[in-house]
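Residue numbers (the working numbering): 4 to 398.
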Ligand code: ATP
Ligand code: MG
């Protein structure tokens with residue numbers, strides 16, 4: 004029965020010129036969310052809200068699910084759209100709407116009519132009174148409550164007439180595309196996809212980099228990362244996923260540096276390479292899934308040493324989160340089941356029995372000098388031979 008939706012968004016920070024940036028980004032993301040849905044629809048803007056009108060059949064639940072992935076949406080109102088028609092005809096439609104949406108009539112309600120089309124024979128006040136009366140006649144169990152009704156039934160007269168009363172909560176946040184771009188270090192774990200989701204929720208577009216170590220990490224481990232990127236891209240929009248072959252660099256570090264410092268030195272090279280890609284991709288920051296104390300490479304001492312290689316800010320949205328909180332979000336965004344698939348990770352393969360938990364920056368830098376002969380060349384080679392995959396919600 005529903006054919007249209009009003010998309011509501013929070014008005015905070017949506018003033019003046021920002022309004023256009025915000026609304027255009029929201030419209031783009033709405034269209035992206037409907038990619039591959041097989042629907043025909045039209046998106047239009049009126050001040051303060053966005054309409055999506057569908058033509059023909061569509062799957063209501065699927066459409067709602069898609070809209071729930073669009074950051075910036077605060078509420079989704081399913082509407083019935085009817086032709087602009089005489090009041091007596093309209094009453095029938097309103098009564099039918101009410102009957103279908105509210106099988107239980109023991110409710111309080113009020114009518115809120117809005118006449119945007121001034122040519123209509125009745126004004127908003129008259130419509131309120133008349134539609135209210137018609138509903139009371141049709142369903143005597145109803146009672147009117149103008150201050151705190153259980154149901155607020157809106158009848159909006161435009162070129163067409165829209166009837167609605169329900170609001171489904173949206174995901175909140177800001178539309179992607181309103182807040183620059185950042186480079187996500189995406190592994191196959193639980194944390195980094197959640198980190199990407201959280202930064203994207205603030206309106207930041209994301210690209211991603213994955214460090215792959217064949218043959219130590221398999222094609223399936225890589226496929227897992229591609230799958231995770233796809234889940235994130237349902238929210239974030241398309242992601243360029245840079246797959247870096249990290250094997251030679253890891254082996255070289257393994258050969259030249261103390262094994263207990265391997266992870267931290269490797270992490271420094273990951274950050275360095277990610278930053279190079281970030282700069283060429285015009286990103287303003289990096290994103291990681293790090294959280295204080297989770298593992299040896301995420302103590303405050305380790306974070307200090309890892310962070311030292313970067314000029315760009317590093318966004319670490321999970322920094323103060325407990326694992327169970329991160330897991331809860333990963334379940335919500337559907338990445339959990341993929342993240343826990345047991346494929347090897349490049350960090351775990353060369354991992355020392357007793358990695359340093361309080362690395363000393365000067366000592367680490369000293370040991371990195373052992374790499375000076377070949378490392379620049381290897382980094383360049385890794386960048387030159389990378390594979391870039393465009394990940395979208397439906398590919
Ligand atoms: P995650 O669950 O995100 O893998 P983790 O708890 O396993 O995190 P680490 O392996 O120490 O933690 O990695 C810390 C962060 O470094 C990750 O959240 C991710 O952002 C990045 N990272 C780790 N391994 C890789 C990789 N192979 N490719 C890209 N980024 C990585
Ligand atoms: Mg990991």
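C-beta atoms are modelled at their ideal positions from N, C-alpha and C, and glycine is treated no differently.
All values derive from a computational prediction rather than experimental measurement.
C-alpha of residue 107 to C-alpha of residue 133: approximately 22 Å in a straight line. For residue 303, the three-state secondary structure derived from DSSP is helix. In the three-state reduction of the DSSP assignment, residue 48 falls in the strand class.
Beta-bridge analysis with DSSP links residue 105 to no other residue. Secondary structure at residue 365: helix, using DSSP grouped into helix, strand and coil.
Distance from residue 114 to residue 156 at the Cβ level is roughly 5 Å; contact confirmed, criterion being Cβ atoms closer than 8 Å.
Taking C-beta atoms under 8 Å as the contact rule, residue 81 and residue 167 qualify, at a distance of about 7 Å. Taking the CA atoms as reference points, residue 44 sits about 13 Å from residue 5. Of 370, 376 and 70, the smallest CA-CA separation from residue 172 is found for 70. Following the DSSP letters along the chain, one finds residue 25 inside the alpha helix (DSSP H) bounded by residues 19-36. Beta-bridge partners of residue 290 (DSSP): 187 and 318. In terms of Cα proximity to residue 148, the closest of 131, 158 and 161 is 131. Following the DSSP letters along the chain, one finds residue 208 inside the beta strand (DSSP E) bounded by residues 208-215.
The way I'd put it, the region 263-277 doesn't touch the region 215-234; fewer than three beta-carbon pairs between them come closer than 8 Å. Here residue 272 is not bridged, per DSSP, to any residue. Annotation for residue 120: 160 and 161 place their beta carbon closer than 6 Å to its own, counting only its chain and skipping 5 residues before and after. In the assembly as shown, residue 38 is an exposed residue. Its beta-carbon has fewer than 16 other beta-carbons within 10 Å.
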